[in-house]
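One line per chain: the protein sequences are Y and F, in this order. Heads up: the first sequence at position 65 corresponds to 65 in the UniProt record's numbering, and the numbers run straight through without jumps. Heads up: the second sequence at position 193 corresponds to 193 in the UniProt record's numbering, and the numbers run straight through without jumps. First the structure, in the form of structure tokens, and then the observations on it.
Protein chains: 2
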Amino acid sequence: MIEAKLDIVENQNKKPKPEGDDLPFGQVFTDHMFTMEYTREKGWFQPQIVPYEPITLDPAAMIFHYGQSVFEGLKAYLNSEGDIQLFRPEENLKRMNRSNGRMSIPPISEELVINYLKQLLLLEKEWIPNEEGRSLYIRPFVIATEANLAVAPSQSYKFMIILSPVGSYYPEGIHPVSIQVEEHFTRAVRGGTGTAKTGGNYCGGYKAQEKAADRGHAQVMWLDGVHKKYIEEVGSMNVFFKINGQIITPELNDSILEGVTRKSIIELLKHWNIDVIERKISMEELLQAYEDGQLEEAFGAGTAAVVSPIGELSWQDETMIINGRQTGDLTKFLYNTITGIQTGKLPDTFNWTETVKEL
Amino acid sequence: MIEAKLDIVENQNKKPKPEGDDLPFGQVFTDHMFTMEYTREKGWFQPQIVPYEPITLDPAAMIFHYGQSVFEGLKAYLNSEGDIQLFRPEENLKRMNRSNGRMSIPPISEELVINYLKQLLLLEKEWIPNEEGRSLYIRPFVIATEANLAVAPSQSYKFMIILSPVGSYYPEGIHPVSIQVEEHFTRAVRGGTGTAKTGGNYCGGYKAQEKAADRGHAQVMWLDGVHKKYIEEVGSMNVFFKINGQIITPELNDSILEGVTRKSIIELLKHWNIDVIERKISMEELLQAYEDGQLEEAFGAGTAAVVSPIGELSWQDETMIINGRQTGDLTKFLYNTITGIQTGKLPDTFNWTETVKEL
Ligand SMILES: Cc1ncc(COP(=O)(O)O)c(C=O)c1O
Ligand SMILES: Cc1ncc(COP(=O)(O)O)c(C=O)c1O
Numbered sequence: 001m002i003e004a005k006l007d008i009v010e011n012q013n014k015k016p017k018p019e020g021d022d023l024p025f026g027q028v029f030t031d032h033m034f035t036m037e038y039t040r041e042k043g044w045f046q047p048q049i050v051p052y053e054p055i056t057l058d059p060a061a062m063i064f065h066y067g068q069s070v071f072e073g074l075k076a077y078l079n080s081e082g083d084i085q086l087f088r089p090e091e092n093l094k095r096m097n098r099s100n101g102r103m104s105i106p107p108i109s110e111e112l113v114i115n116y117l118k119q120l121l122l123l124e125k126e127w128i129p130n131e132e133g134r135s136l137y138i139r140p141f142v143i144a145t146e147a148n149l150a151v152a153p154s155q156s157y158k159f160m161i162i163l164s165p166v167g168s169y170y171p172e173g174i175h176p177v178s179i180q181v182e183e184h185f186t187r188a189v190r191g192g193t194g195t196a197k198t199g200g201n202y203c204g205g206y207k208a209q210e211k212a213a214d215r216g217h218a219q220v221m222w223l224d225g226v227h228k229k230y231i232e233e234v235g236s237m238n239v240f241f242k243i244n245g246q247i248i249t250p251e252l253n254d255s256i257l258e259g260v261t262r263k264s265i266i267e268l269l270k271h272w273n274i275d276v277i278e279r280k281i282s283m284e285e286l287l288q289a290y291e292d293g294q295l296e297e298a299f300g301a302g303t304a305a306v307v308s309p310i311g312e313l314s315w316q317d318e319t320m321i322i323n324g325r326q327t328g329d330l331t332k333f334l335y336n337t338i339t340g341i342q343t344g345k346l347p348d349t350f351n352w353t354e355t356v357k358e359l
Numbered sequence: 001m002i003e004a005k006l007d008i009v010e011n012q013n014k015k016p017k018p019e020g021d022d023l024p025f026g027q028v029f030t031d032h033m034f035t036m037e038y039t040r041e042k043g044w045f046q047p048q049i050v051p052y053e054p055i056t057l058d059p060a061a062m063i064f065h066y067g068q069s070v071f072e073g074l075k076a077y078l079n080s081e082g083d084i085q086l087f088r089p090e091e092n093l094k095r096m097n098r099s100n101g102r103m104s105i106p107p108i109s110e111e112l113v114i115n116y117l118k119q120l121l122l123l124e125k126e127w128i129p130n131e132e133g134r135s136l137y138i139r140p141f142v143i144a145t146e147a148n149l150a151v152a153p154s155q156s157y158k159f160m161i162i163l164s165p166v167g168s169y170y171p172e173g174i175h176p177v178s179i180q181v182e183e184h185f186t187r188a189v190r191g192g193t194g195t196a197k198t199g200g201n202y203c204g205g206y207k208a209q210e211k212a213a214d215r216g217h218a219q220v221m222w223l224d225g226v227h228k229k230y231i232e233e234v235g236s237m238n239v240f241f242k243i244n245g246q247i248i249t250p251e252l253n254d255s256i257l258e259g260v261t262r263k264s265i266i267e268l269l270k271h272w273n274i275d276v277i278e279r280k281i282s283m284e285e286l287l288q289a290y291e292d293g294q295l296e297e298a299f300g301a302g303t304a305a306v307v308s309p310i311g312e313l314s315w316q317d318e319t320m321i322i323n324g325r326q327t328g329d330l331t332k333f334l335y336n337t338i339t340g341i342q343t344g345k346l347p348d349t350f351n352w353t354e355t356v357k358e359l
């Protein structure tokens with residue numbers, strides 16, 4: 001691999017690494033970050049690794065006014081040889097460029113970004129926790145920086161990668177959560193921005209999340225914006241159901257985010273010859289399956305939790321208790337397989353992981 | 001009025017005021033800005049007027065990742081006595097708090113903000129252009145500042161007001177534009193964030209705007225997200241039609257932004273005993289009216305342009321030429337009346353303007 005040249009300014013005031021088991025998600029950051037600028041004239045330029053520090057923007061910077069931004073989220077692990085492992089990073093960078101396309105942000109070379117990311121990870125290797133379940137969360141993001149109140153795509157951008165060591169999503173072991181199906185609020189609709197990982201899709205969901213939390217639920221299940229009928233996602237995860245032996249996940253449309261975990265699960269199931277289908281699935285159908293005793297498992301799927309079993313699902317006046325509020329066998333097996341591959345404990349038959357050694 | 005106490009740090013390096021007629025929208029800013037902070041413990045605190053300057057935020061600040069923000073837009077004018085005039089500022093601040101509510105941002109005292117704004121305007125009075133059609137654009141906005149990658153409402157915010165002198169929207173006189181009805185992309189849908197002035201609603205429209213521009217149209221007309229049938233807005237404006245003597249504007253629903261200009265136009269029309277109705281209106285109905293020779297005028301309505309006549313409207317394979325591509329009489333009359341009231345040239349019978357003298 002060609003080393004993509006970049007400037008490195010080393011941090012002279014390194015922080016202590018967090019200790020203990022109470023590492024909150026996304027609040028501790030490493031000593032360095034990657035930054036790169038874009039202008040119309042120069043394209044993407046000035047790739048550099050610098051100390052993690054505040055950034056300075058004009059108050060009229062477009063990110064503050066019209067929200068033009070995209071982000072990604074993936075994780076780095078240490079394998080048993082002590083090498084850094086990434087899980088399908090090219091999928092995240094391809095998705096970032098799809099998001100960029102939707103948000104009128106110029107594309108970024110995926111190959112270069114992977115290379116920059118690797119250089120950053122090698123520099124921050126000591127920050128990658130090697131305790132069971134822990135990892136280093138990687139957050140690439142792009143923001144519009146032009147100082148201009150015109151409602152139009154920015155002419156300049158900043159791309160950054162920041163890193164945050166994160167604790168286990170399941171410090172007490174994988175366990176099912178309670179979910180509220182949201183009837184009023186909409187996450188995304190066809191023709192909107194739901195397929196892009198852009199900020200506005202997330203803050204728009206806070207109200208629904210608050211409502212669900214007030215009623216004692218952990219997360220919201222989103223229905224489609226047109227009919228309020230078909231299941232789309234759960235929280236910030238894709239969703240799967242096991243109904244009478246068959247695995248069903250909502251088909252990609254013009255409003256669901258295409259998850260890397262979702263894609264990997266589908267590929268695994270196909271490889272195992274387990275019946276998996278991507279299609280529309282309505283709440284009526286799900287309830288019917290439940291009443292018929294055929295709803296065997298349900299789980300969310302995303303980078304943060306890998307899989308998150310659904311133990312209880314509330315919709316209108318109905319409450320469905322799934323698999324006796326226990327994590328289902330398939331859910332558990334998928335969790336073990338994917339985390340096993342990610343951390344190098346299981347063989348990487350699909351060539352999904354990338355090991356980062358000295359460049 | 002009680003003067004709301006705030007610190008003022010005067011700018012020692014004042015910029016030259018822009019001269020000439022080529023003032024672009026939203027690119028020149030005055031010497032000072034207003035800022036105020038929020039934390040959970042303190043509420044809103046530290047109101048201050050400081051030199052206009054870049055702001056510094058952690059790269060993990062939530063605005064960069066999940067887009068939690070709201071903004072407002074209004075204008076200040078100089079009347080013939082040389083006093084500063086505001087147009088219904090309390091309407092903008094009420095709407096800001098409605099937007100805050102939708103976006104899980106804590107409310108801000110409208111009375112205090114108006115007072116802070118007045119102090120800022122008095123300090124920046126020399127920046128308010130007094131040439132015909134020019135004004136000082138006022139941009140209040142709130143951004144989420146907590147450094148945290150958890151997908152949840154921020155625990156800290158920054159509220160700012162920046163000011164930008166703007167040229168006439170119609171340097172060559174009010175003139176009709178060509179509009180493309182958007183069939184694929186969606187601005188907003190019921191249950192979404194369309195009724196809030198939040199960044200994500202705007203960047204999500206860039207793709208449609210690019211498409212319209214490529215086909216030679218100035219702006220997009222948005223249809224509802226559910227049926228792609230009913231007219232919602234045009235660009236970043238509300239929309240009005242004169243059909244067979246009656247004025248029709250889409251009724252407020254759960255996806256249209258409630259404009260101050262829209263509200264004022266409805267009140268004016270009622271006052272004049274002109275038949276005005278807020279109701280659903282579909283593209284089919286509009287086309288039928290056009291074919292029947294009853295579509296007499298059409299215009300967008302918003303703070304930037306006040307009214308923007310529609311001369312041509314393209315939908316699917318149809319092109320409607322409205323009022324022979326001339327600005328209609330009612331459109332013109334509304335424009336003259338509102339700008340007249342805003343600048344103090346016409347009597348303020350509705351008590352819409354607020355004059356800002358020494359506090
Ligand atoms: C809205 C949404 N859906 C689904 C996912 C799951 O995607 P992935 O598996 O790539 O993490 C995410 C998280 O990235 C998301 O933000
Ligand atoms: C989406 C949208 N619709 C309508 C309007 C018109 O509102 P107002 O008349 O208050 O400027 C605006 C501008 O503020 C807007 O952003």
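For each residue, glycine too, the CB sits at the ideal point set by N, CA and C. Computed from a predicted structure; not experimentally measured.
Do we get a CB-CB distance below 8 Å when we pair F/GLN119 with the residues of chain Y?
-> no
If you measure from the beta carbon of F/PRO176 to each beta carbon in chain Y, is any gap under 8 Å?
-> no
Which whole runs of the beta strand (DSSP E) in the stretch 139 to 169 of chain F are 3 residues long or more, in chain order?
-> Assignment of beta strand (DSSP E) within the stretch 139 to 169 of chain F, counting only whole runs of 3 or more residues, yields 156 to 166 in chain order.
Are the beta-carbon atoms belonging to Y/GLU183 and Y/GLN288 less than 8 Å from one another?
-> no
Less than 8 Å separating the beta-carbons of Y/LEU136 and Y/LYS75?
-> Taking 8 Å as the Cβ cut-off, Y/LEU136 and Y/LYS75 qualify as a contacting pair.
Beta-carbon proximity check, Y/LYS280 vs Y/GLU318, cutoff 8 Å = Not a contact, by the Cβ cut-off of 8 Å.
If you run the structure through DSSP and keep just helix, strand and coil, what is F/PHE322?
-> Going by the sequence as given, residue 322 of chain F is Ile instead of Phe. In the three-state reduction of the DSSP assignment, F/ILE322 falls in the coil class, being assigned neither a helical nor a strand state.
How would you list, in chain order, the residues of chain C whose beta-carbon sits under 9 Å from the beta-carbon of F/HIS184?
-> Here chain C cannot be found, since the structure's protein chains are Y and F.
6 Å CB neighbourhood of Y/SER314 in its chain, flanking five on each side removed = The beta carbon of Y/SER314 sits closer than 6 Å to the beta carbons of GLN180 from its chain, once the five residues preceding and following it are set aside; these are given in chain order.
Run the proximity test for F/LEU257: is its beta-carbon closer than 7 Å to any non-hydrogen atom belonging to ligand 2?
-> Yes, Cβ of F/LEU257 sits closer than 7 Å to a heavy atom of ligand 2.
Would you please verify whether the beta carbon of Y/LEU350 is less than 8 Å from any beta carbon of chain F?
-> In the sequence as presented, Leu is not what sits at residue 350 of chain Y; that position holds Phe. No, Y/PHE350 lies away from the interface with chain F (no Cβ there is under 8 Å from its Cβ).
With 8 Å set as the bound, which would you pick, yes or no: does the beta-carbon of F/ALA4 sit closer than that to a beta-carbon of chain Y?
-> no
Rounded straight-line distance, which links the Cα of Y/ARG88 to that of Y/VAL306 = 13 Å
Regarding F/LYS197 and ligand 3, is the C-beta to nearest heavy atom distance less than 7 Å?
-> In the structure on display, ligand 3 does not appear, and the ligands it does have are ligand 1 and ligand 2.
Is the CB of Y/ARG139 under 8 Å away from at least one CB in chain F?
-> yes
Cα-Cα separation, F/SER104 to F/PRO153 | Here the alpha carbons of F/PRO153 and F/SER104 stand approximately 6 Å from one another.
At a cut of 8 Å, does the stretch 255 to 262 of chain F reach the stretch 89 to 108 of chain F through at least three beta carbon pairs?
-> yes
Give me the Cα-Cα distance between Y/GLN68 and Y/GLU291, rounded to the nearest whole angstrom.
-> 44 Å
Is it a yes or a no for the stretch 155 to 168 of chain F touching the stretch 159 to 168 of chain Y, going by three-plus beta-carbon pairs under 8 Å?
-> Counting Cβ pairs under 8 Å, fewer than three are found: no touch.
Roughly how far, in whole angstroms, is the beta-carbon of F/VAL239 from the beta-carbon of F/GLU233, given that I think they are within contact range, below 8 Å?
-> 6 Å
What span of residues does the alpha helix (DSSP H) with Y/GLY205 cover, start to end?
-> Neither: Y/GLY205 is in no alpha helix (DSSP H) and is coded neither H nor E.
Contact set between the stretch 194 to 220 of chain F and chain Y, restricted to residues whose Cβ is under 8 Å from the partner = THR198, GLY199, GLY200, ASN201, TYR202, CYS203, GLY204, GLY205, TYR206, LYS207, GLN209, GLU210
Please classify Y/THR193: does DSSP put it in a helix, a strand, or coil?
-> coil
Near-chain Y residues of the stretch 53 to 81 of chain F - C-beta to any C-beta below 7 Å = Of all residues in the stretch 53 to 81 of chain F, only PRO54, ILE55, THR56, LEU57, ASP58, PRO59, ALA60, ILE63, PHE64, HIS65, TYR66, GLY67, GLN68, SER69, PHE71 place a beta-carbon less than 7 Å from a beta-carbon of chain Y.
With 16 other Cβ atoms within 10 Å as the buried cut-off, status of Y/TYR272 | Correcting the residue identity first, residue 272 of chain Y is Trp in this sequence and not Tyr. Exposed.
Closest Cβ-Cβ distance between F/SER104 and chain Y: below 8 Å?
-> Contact with chain Y is found for F/SER104, since one of that chain's Cβ atoms lies less than 8 Å from the residue's Cβ.
Taking the DSSP output, what are the residues bridged to F/PHE87?
-> F/THR353
With DSSP collapsed to three states, give me the class of Y/TYR116.
-> helix
By Cβ distance, which residues of its chain are closer than 7 Å to F/TRP127, with the 5 residues on each side in sequence left out?
-> Residues LYS17, THR30, LEU136, LEU163, PRO165 of the same chain have their beta carbon placed closer than 7 Å to that of F/TRP127, with the five preceding and five following residues left out of the count.
Residue-level contact to chain F via CB, Y/ALA152, 8 Å cutoff | yes
Does any C-beta atom of chain F lie closer than 8 Å to the C-beta of Y/ILE8?
-> no
Does any residue of chain Y bring its CB to less than 8 Å from the CB of residue 360 of chain F?
-> A query on residue 360 of chain F cannot be resolved here, the shown segment of chain F reaching from 1 to 359 and no further.
CB-CB length for F/LEU149 against Y/ARG139, believed under 8 Å | 6 Å
If you count every other CB in all the chains shown that lies within 10 Å of the CB of Y/SER80, and 16 or more means buried, which is it?
-> exposed
Per-residue contacts from Y/ASN148 into chain F (C-beta, under 7 Å) = Near Y/ASN148 (Cβ distances below 7 Å), the residues of chain F are GLY26, GLN27.
Scan the stretch 217 to 247 of chain Y and note each continuous beta strand (DSSP E) run of 3 residues or more that stays entirely inside, going in chain order.
-> 219 to 223, 231 to 234, 238 to 243
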